[in-house]
Structures are given as structure tokens and as C-alpha cells.
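Reading through the C-alpha cells given below for one structure.
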Amino acid sequence: MKYSILTIALLLISGITWAQGTIEDYNRAYGLREKFSSKLIFYSDVTPQWVEGTDCFWYVRNTPEGAEYVKVDAGEKKRTPLFDQKRLSVALTASTGKTINPMQLPIRGCQLSQGLDTLRFVYEGKRWCFDIIRSKLTDEGMLPVPPKQKHWMEWDDEKEGAPVTSPDGKYVAFIKNDNVCVRNVATGEEKQLSQDGTMGNYYSSYIYWSPDSKYVAACRIRPTEKRYVYYVESSPADQLQPKLHKQEYAKPGDELPFKVPCVFGVEDGKRLIPSTELFSNQYELYGPMWNADSKGITFEYNERGHKVYRVLEMSVADGSVRPLIEEKEEKYVNYPRIFRCYLNDGKRIIWSSERDNYNHLYLYDRATASPINQITKGEWYVREVQYVDEANQQIYFSANGVNKDEDPYLIHYYRIGFDGKGMKGLTPEEGMHKAWYSSDYKYVVDVYSKVDQAPVAVLRNASNGKVIMPLEKADISKLVANGWKAPEVFSAKGRDGKTDMWGIIYRPSNFDSSKKYPVIEYIYSGPGDQYVPKSFSPFNGYMSAIAELGFIVVQVDGMTTSFRSKEFEEVCYKNLKDSGLADHIAWIKAAAQKYPYMDIERVGIFGCSAGGQEALNAVLLHPEFYKAAYSACGCHDNRMDKIWWNELWMGYPIDDSYKACSNVENAHLLTRPLMLVVGELDDNVDPASTMQVVNALIKANKDFELVVIPGAHHTMGEGFGEHKRYDFFVRNLLNVEPPKWDELK
Numbered sequence: 098m099k100y101s102i103l104t105i106a107l108l109l110i111s112g113i114t115w116a117q118g119t120i121e122d123y124n125r126a127y128g129l130r131e132k133f134s135s136k137l138i139f140y141s142d143v144t145p146q147w148v149e150g151t152d153c154f155w156y157v158r159n160t161p162e163g164a165e166y167v168k169v170d171a172g173e174k175k176r177t178p179l180f181d182q183k184r185l186s187v188a189l190t191a192s193t194g195k196t197i198n199p200m201q202l203p204i205r206g207c208q209l210s211q212g213l214d215t216l217r218f219v220y221e222g223k224r225w226c227f228d229i230i231r232s233k234l235t236d237e238g239m240l241p242v243p244p245k246q247k248h249w250m251e252w253d254d255e256k257e258g259a260p261v262t263s264p265d266g267k268y269v270a271f272i273k274n275d276n277v278c279v280r281n282v283a284t285g286e287e288k289q290l291s292q293d294g295t296m297g298n299y300y301s302s303y304i305y306w307s308p309d310s311k312y313v314a315a316c317r318i319r320p321t322e323k324r325y326v327y328y329v330e331s332s333p334a335d336q337l338q339p340k341l342h343k344q345e346y347a348k349p350g351d352e353l354p355f356k357v358p359c360v361f362g363v364e365d366g367k368r369l370i371p372s373t374e375l376f377s378n379q380y381e382l383y384g385p386m387w388n389a390d391s392k393g394i395t396f397e398y399n400e401r402g403h404k405v406y407r408v409l410e411m412s413v414a415d416g417s418v419r420p421l422i423e424e425k426e427e428k429y430v431n432y433p434r435i436f437r438c439y440l441n442d443g444k445r446i447i448w449s450s451e452r453d454n455y456n457h458l459y460l461y462d463r464a465t466a467s468p469i470n471q472i473t474k475g476e477w478y479v480r481e482v483q484y485v486d487e488a489n490q491q492i493y494f495s496a497n498g499v500n501k502d503e504d505p506y507l508i509h510y511y512r513i514g515f516d517g518k519g520m521k522g523l524t525p526e527e528g529m530h531k532a533w534y535s536s537d538y539k540y541v542v543d544v545y546s547k548v549d550q551a552p553v554a555v556l557r558n559a560s561n562g563k564v565i566m567p568l569e570k571a572d573i574s575k576l577v578a579n580g581w582k583a584p585e586v587f588s589a590k591g592r593d594g595k596t597d598m599w600g601i602i603y604r605p606s607n608f609d610s611s612k613k614y615p616v617i618e619y620i621y622s623g624p625g626d627q628y629v630p631k632s633f634s635p636f637n638g639y640m641s642a643i644a645e646l647g648f649i650v651v652q653v654d655g656m657t658t659s660f661r662s663k664e665f666e667e668v669c670y671k672n673l674k675d676s677g678l679a680d681h682i683a684w685i686k687a688a689a690q691k692y693p694y695m696d697i698e699r700v701g702i703f704g705c706s707a708g709g710q711e712a713l714n715a716v717l718l719h720p721e722f723y724k725a726a727y728s729a730c731g732c733h734d735n736r737m738d739k740i741w742w743n744e745l746w747m748g749y750p751i752d753d754s755y756k757a758c759s760n761v762e763n764a765h766l767l768t769r770p771l772m773l774v775v776g777e778l779d780d781n782v783d784p785a786s787t788m789q790v791v792n793a794l795i796k797a798n799k800d801f802e803l804v805v806i807p808g809a810h811h812t813m814g815e816g817f818g819e820h821k822r823y824d825f826f827v828r829n830l831l832n833v834e835p836p837k838w839d840e841l842k
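If you count the sequence shown from 1, you need to add 97 to reach the numbering used here.
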């Protein structure tokens with residue numbers, strides 16, 4: 098390979114040797130997925146399937162010889178074969194004419210009967226039933242074709258609900274001519290209950306009967322004109338000419354449907370249409386749901402702009418509406434995070450809230466519309482509630498941050514009383530835990546790991562967390578023998594100098610501490626989650642391979658991300674351009690101070706979606722630190738992106754903060770190398786968002802690269818884009834010319 102005098106000079110100045118960005122490095126990078134394959138790991142990936150109504154579960158045991166199907170009787174503390182695999186393989190071979198290895202049974206979608214005597218599974222698009230006792234295999238026929246699902250961007254018009262029979266079986270409720278009607282089952286007589294339904298203000302076909310069969314409830318809906326995004330598929334597989342696609346796609350600021358929950362008396366003709374004062378500025382209205390005593394309905398109101406969220410109750414006596422729970426925040430109520438459980442006693446509600454800066458559970462009294470007590474409390478985060486045991490007044494939940502001497506993002510499982518007392522940790526070992534409970538919550542299977550610790554699976558007592566029996570401990574010896582090394586978990590202070598930021602560091606498998614390595618950051622830093630991996634994985638698709646080219650690759654969760662505190666996340670509010678980058682920069686500098694081989698004069702960054710927006714943010718707003726960016730399918734202007742994401746974090750109505758955060762508006766600031774990537778059929782982020790950045794860059798006379806992937810949807814760039822990303826960073830951070838594509842193996 099030939100190098101220019103300038104290139105050689107740059108290499109010598111930066112202290113780089115020739116073993117970076119070479120053909121050998123590329124071939125090693127592309128071979129890494131197979132070299133570090135999960136096939137080299139044994140006794141891992143335990144995914145238990147509890148059998149309803151029993152103390153038994155089964156799972157697939159990954160052994161060096163192949164897959165073993167095993168059953169565990171938790172009560173007996175005994176593990177046995179789930180069935181005779183050899184007999185099943187013989188039966189499958191006879192039925193299909195294809196030789197089936199008993200240790201490589203090609204079955205999926207398994208279900209074990211409650212009697213533990215039959216196994217149903219899917220193979221080659223067919224349903225099969227295997228009688229475990231008699232070893233008899235039955236072909237149950239082809240799988241039905243699943244109905245076509247609506248695209249996730251479509252708002253439900255609520256016009257496709259089926260007629261609903263009353264609990265006492267005497268009436269059927271349905272929609273006719275946009276109004277609520279009922280039919281007497283015995284006589285066939287129809288009665289129209291509502292009178293004001295029209296095409297422009299119709300009643301929802303989702304109709305709800307009161308438990309006593311005296312009333313029906315349904316929402317009257319005032320629809321709005323919908324926005325659509327259009328895509329041109331340039332190279333369809335089934336025809337020469339392009340195709341035009343149309344997709345419903347609401348954007349920030351768009352008008353939304355308006356709902357009013359109404360109640361109608363079936364016998365007395367009573368009509369209750371409430372005042373909308375307490376739910377007048379709707380983003381969405383959820384429900385209604387009947388109270389157990391049939392005296393009212395409950396529904397939830399999410400105010401446009403998300404600063405107010407209410408649980409409301411409407412009385413059947415007079416149609417009056419009162420709040421049961423009200424959340425108010427200066428910035429936003431994080432409504433996707435709310436857990437609620439309307440208890441069967443009809444008197445209490447378990448509700449989650451971030452009102453004290455952390456996500457915690459509260460017990461509410463419906464009669465007084467006030468909290469009885471706070472159930473969980475502390476500088477930690479409730480993540481999910483798995484089960485509410487009303488009979489025993491217990492809640493089973495997961496949380497992170499309880500254990501102060503470990504990575505605060507690691508999830509553990511707990512049990513606590515409704516009164517907030519007796520909190521018990523069920524998974525004490527350090528690690529990222531995932532648990533599966535038996536149907537009676539007597540037992541729990543716990544699988545835990547860390548990025549640098551192989552998975553361990555155990556069976557526990559779900560009351561006290563004690564280990565009943567070990568299940569599996571992953572064997573990674575072959576993976577390690579193949580040269581695998583774990584990424585490093587690294588923490589350092591963020592922008593405020595006091596809050597720890599947590600991330601990971603990937604080094605090339607041939608790492609040499611005497612060399613200098615440019616740094617590449619993989620970024621996805623949007624609110625709503627945390628993104629740095631916490632569980633064991635032999636290969637990280639975005640980070641492992643690219644490190645082989647001669648880079649240190651990092652990822653970190655900074656402010657604007659979730660599950661540390663509300664305050665930590667709310668830095669994002671009307672400020673998505675922040676991207677946590679100030680924390681990332683401080684973290685990378687701290688890592689480089691510890692590891693001088695990290696060359697922070699050459700830092701690149703890449704990401705997709707929100708990460709694509711953030712990667713471009715980095716070189717536009719922090720060019721003194723980030724020297725090159727690869728930005729895929731970025732939501733570069735939040736006015737162009739989906740409504741729910743952007744109005745939650747950027748607010749409503751649309752204001753100048755949207756403009757200030759726009760990469761289109763800031764495109765003229767570009768001074769660093771940039772590669773933009775977009776899928777022409779991106780159905781997540783409007784691809785016009787990327788093209789408007791392109792337009793702004795052209796108008797500003799900026800040099801950049803653009804990669805459009807025909808037929809691709811929301812993507813980091815697929816295989817072609819991955820290779821372009823490799824070359825982009827090799828060229829702009831290593832300062833060498835990448836190998837020609839046809840020279841690679």
C-alpha cells in the first residue's frame with residue numbers, strides 16, 4: 098500500500114504505527130462476529146417457561162453437545178429431561194423426511210401443557226403436538242396467516258370495535274350511524290341511546306358495560322385531519338418503476354382528536370355528557386373503565402404539553418367529574434413511565450410518580466383523592482412492577498440504584514408491603530438481573546450477569562430470595578481462548594464535577610498500550626431510557642468490530658438519559674441539542690487521563706436516530722472536541738419528527754427552542770468531516786429531516802458525504818453503511834487511506 102509524504106508525516110507526528118486501518122485490521126473486524134460468536138458460550142441464555150398452575154418450568158440447556166430440553170420441579174428441587182429428544186427426532190424425521198439431530202431440534206414457539214404430558218411447538222410453519230408419555234407426534238396443520246397489523250404511527254380511529262354483550266346477557270351494544278345503540282337479545286328490538294353522533298363527532302365503537310348491566314359508556318370523538326408522510330421506493334424488487342408509499346405520521350403541533358366520555362342508561366334513557374373543564378386540552382384521553390360498584394367511570398387525561406396528568410372519576414348519579422390523582426410538573430410528567438393498579442377493593446389505587454425526583458410507588462385513597470402513604474422511597478428508581486398481591490398486601494418490583502456500592506443502573510428485584518414496610522431484596526448478587534416468577538409467585542428464576550461477568554442462573558424462593566438450587570453458570574472458556582476480552586466498565590465525574598457518569602470502553606483484541614489510539618464514541622443519549630449495555634454479550638455489533646481497525650470505542654450515559662433521577666433526565670427539556678455531550682466529554686477526558694494511549698485530539702462520534710441527531714450535534718456545537726461524525730437517520734429537526742417523542746421532551750406549543758435545537762438551523766456551523774446516512778423508506782424518522790440538513794449544508798457551501806440506502810427503513814446503514822463508516826473514521830481519524838473494497842476477504 099502506498100502512502101503520501103504528508104500521510105507518513107501525520108502518522109509519525111501522532112505516534113501511530115502501521116498496524117492500524119490495514120487490510121488485516123479490516124479482515125479481523127469483519128471476522129470478529131464469528132470469532133466471538135455466542136456459539137462458543139455454553140450453559141447460558143436460560144429463558145425459563147413456567148407451566149401455569151404448577152411448580153414446574155422448562156428451558157433449553159445449551160451444552161457443548163447441543164441443546165437439551167430440561168424440566169425443573171421447583172418443589173422437588175429436581176431437574177429431568179423435558180422429553181425424550183431422540184424419540185422426538187425420530188418422529189420428526191419420519192414425518193418430514195428430513196434427518197433431525199436430537200441435539201439440534203429445529204423447533205420454536207414451544208408450550209408445555211398444564212398436565213406436563215404434551216408439548217406443542219412450531220416447525221417449518223406447522224403446528225405439532227408431541228405426547229411426551231407415549232412419544233407420539235401429531236401434525237396439527239399449518240399456522241394461520243396473522244392479520245395485518247396497523248403501523249405503529251397510526252392513531253386508532255376506534256371504528257372497528259365489535260358489538261359488546263352486557264354482563265347479564267340481555268343486551269348487545271353497538272354503533273350505528275355514528276351513535277350508540279343496544280339490541281334486546283330476546284326480542285331483537287333496537288334502541289338508539291345517543292342522539293348527537295355525527296361523522297364529524299362520532300361515538301367510539303369501544304363500548305363498555307357497567308357491571309350491573311344498567312349503563313354503557315363510550316367516548317364521543319371529534320376527529321382531525323391527519324398528516325401523512327410520503328416515501329418513494331426507488332428500486333422495488335417486483336417492478337421496474339418506483340413506488341409511492343403513504344404513511345400516517347403526526348408531528349409536533351398537529352391538531353389531535355378530542356374525546357368526551359359519555360354514559361347512557363339502557364332502560365331509563367339517561368344521558369350523561371360531562372363538562373370537559375378538567376380534560377379540555379387533550380393530548381390523549383384513556384378509558385373509560387367502570388368502577389366495580391357501577392356508580393361511576395374512571396378515565397385518565399394526558400394534557401397537551403404533558404405538564405398535567407389526571408386520573409378522573411365521573412359520577413353516574415349526575416355526570417360530575419372529579420380528580421382522583423393529579424400530577425403537575427414544571428417541565429413534563431413522564432407519562433410513559435406511570436404504573437397504575439386499580440385495586441379490586443374499589444377503594445385504592447397504586448400509582449407511580451417522579452414527584453420526589455425519583456420514580457416511586459404511592460398508595461391512593463379513592464374516596465379522599467389523596468395518598469394514604471408513599472410505598473417506596475429513597476434515592477433510587479422503581480423500574481417495573483411485576484405483580485401486585487392484593488390478598489397479602491405485597492408488591493413485587495424491580496429497581497436500580499438501591500445498592501450504593503455498585504453501578505447504579507444494575508437492576509435488582511424486591512418485595513415490599515403496601516404500607517411501605519418490610520422491603521426485601523430478592524436478588525442480592527451484584528449484576529444486571531432478569532427474573533421470571535412462577536404463577537403463584539412462590540418461586541423465581543433469576544439470571545444475572547454484567548458486561549464483564551458471564552451469566553448465572555438460579556432458582557430462588559420468591560419470598561426471601563434464598564437460592565433453592567443452582568441452574569446454570571455460563572462457560573466462556575472457549576470464547577476467552579479465542580482472544581475475547583471484556584469491555585471495561587468505567588465511571589467518572591460529569592459536567593458538574595460531582596455526579597458519576599457510567600460507561601464502557603472497548604479496545605481492539607490486539608490492543609497494545611504502547612500505541613496511541615483515536616477514540617470513537619457510539620452515542621444514543623435521548624431521554625426515556627439508559628443505553629450503555631449492562632448485561633453480558635460476547636459481541637457488540639456497534640462497538641466490538643470497529644475497535645479492531647485501531648480505535649478505542651466508548652459509550653456513556655450522561656445527563657438527559659433516564660433512571661438516575663428526574664433532575665438528571667430533565668436537562669433534556671427543550672434542550673435535546675444538549676445530548677449529554679458535556680458529560681461525555683468530561684468522562685472521555687477522565688478516561689484519557691487514566692489511559693494515556695487514548696488520543697483525545699482525535700475523537701469521532703456516530704449514532705442512529707436520536708443518536709444520529711446527537712452525533713451531528715457534537716461536531717456542530719463541540720467541534721473543538723469531536724473531529725468527525727457519522728450520522729444515520731437522525732431526527733435532525735424535532736419539528737419534523739414524530740409527535741409523541743418530541744412534544745414530551747421539547748414541549749407544546751412549538752416555540753423557538755425547537756429551532757435552537759435544529760441541526761438544519763445549525764448546519765452552517767459545520768467545520769468537521771461529516772457522513773450523513775438515510776434509508777429512503779425510513780418509517781420512524783421522516784427521511785426529509787436528513788435531506789433538509791443536506792439542503793442547508795449545500796446552501797452554506799459545506800463539504801460532507803451523503804449515503805442513501807435504497808429500500809432501507811430506519812437504519813444505521815446496513816452492511817454497506819457499516820463499511821462506509823469504517824472507511825470514514827479510518828480516513829479522518831487514523832489519517833490513512835482505507836483498503837480497497839475488493840481487496841478484503
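Glycine included, each C-beta is placed from N, C-alpha and C at the ideal position.
In the DSSP assignment, the beta strand (DSSP E) including Phe-355 goes from what residue to what residue? 355–362
So if DSSP puts Val-479 in a beta bridge, which residue, or which two residues, is it bridged to? Ala-496
Below 9 Å between beta carbons: does that hold for Ser-301 and Arg-280? no
Output yes or no for whether 9 Å exceeds the beta carbon distance between Tyr-305 and Val-282. no
Between the C-alpha atoms of Ser-291 and Asp-390, what's the straight-line distance to the nearest angstrom? 23 Å
Three-way DSSP call (helix, strand, coil) for Gly-677 in this model: coil
Determine whether the beta carbon atoms of Tyr-346 and Lys-739 lie at a separation below 9 Å. yes
Using DSSP with H/G/I as helix, E/B as strand and the rest coil, what is Leu-103? At Leu-103, the pLDDT of 45 sits below 50, so the modelled position is not reliable and the matter cannot be decided from this model.
Unbroken alpha helix (DSSP H) run spanning Leu-794, endpoints: 785–796
For Thr-262, the residue or residues it bridges with in DSSP: Val-269
Straight-line gap, Leu-246 to Arg-592 (C-alpha atoms, nearest Å): It is worth fixing the name first, because residue 246 is Gln in this sequence and not Leu. Approximately 45 Å between the Cα atoms of the pair.
Whole-angstrom distance between Gly-701 and Gln-47, CA atom to CA atom: The displayed coordinates of the chain run from 98 to 842. Any statement about residue 47 would go beyond what the structure contains.
Contact belief for Glu-286 with Cys-278 at Cβ below 8 Å, rounded distance in angstroms: In fact, because the Cβ distance is near 11 Å, the residues do not count as touching under 8 Å.
Are Ala-171 and Asp-142 closer than 9 Å when you measure CB to CB? no
Have a look at Ile-565 and Asp-486 and give me their C-alpha separation to the nearest angstrom. 22 Å
Whole angstroms is fine: what's the gap from Leu-556's alpha carbon to Lys-183's? 28 Å
Alpha carbons only, please: which of Ala-679, Met-772, Gly-258 is nearest the one belonging to Asp-800? Met-772
Considering Cα atoms alone, identify which of Gly-517, Trp-533, Thr-193, Gly-776 is closest to Leu-523. Trp-533
Bridge partners - Asp-696, DSSP secondary structure assignment: Pro-615
Leaving out five residues before and five after Trp-115 in sequence, what residues of the same chain have Cβ atoms less than 7 Å from its Cβ? The predicted model places Trp-115 with a pLDDT of 48, which falls under 50 and marks its position as unreliable; any figure quoted below should be read in that light. Excluding positions up to five away in sequence, the list is empty.
Tell me the rounded alpha-carbon separation between Phe-139 and Arg-480. 30 Å
Quick check: what's the CA-CA separation for Leu-440 versus Val-482? 14 Å
Are the CB atoms of Gly-402 and Asn-431 nearer to each other than 9 Å? no
Quick one: Cα of Met-598 to Cα of Arg-368, how far? 57 Å
Quick check on the DSSP output: the beta strand (DSSP E) that includes Ile-447 runs from which residue to which? 445–450
Tell me which same chain residues have a C-beta within less than 7 Å of the C-beta of Glu-666, skipping the five on either side of it? Pro-624, Thr-657, Thr-658, Ser-659
CB Tyr-328 to CB Lys-311, shorter than 9 Å? no
Is Gly-150 close to the ligand FMN? I mean its beta-carbon at under 8 Å from any heavy atom of the ligand. The ligand FMN is not part of the structure shown, which contains no ligands of any sort.
What three-state label does DSSP hand Cys-669 in the structure shown? helix
So, for Met-98: in the same chain, excluding its five sequence neighbours on each side, which residues have a beta-carbon less than 7 Å away from its beta-carbon? Summary for Met-98: the model assigns pLDDT 40, below 50, so the residue's position carries little reliability, and this model does not support an answer.
Asp-734: buried (16+ other C-beta within 10 angstroms of its C-beta) or exposed? buried
What three-state label does DSSP hand Phe-180 in the structure shown? coil
Under the three-state reduction of DSSP, which class applies to Phe-154: helix, strand or coil? strand
Can you tell me whether Val-827 is buried or exposed? The criterion is at least 16 other CB atoms within 10 Å of its CB, across all chains shown. buried
Does DSSP put Pro-241 in a helix, a strand or coil? coil
Trp-477 versus Phe-494 - alpha carbon distance: 13 Å
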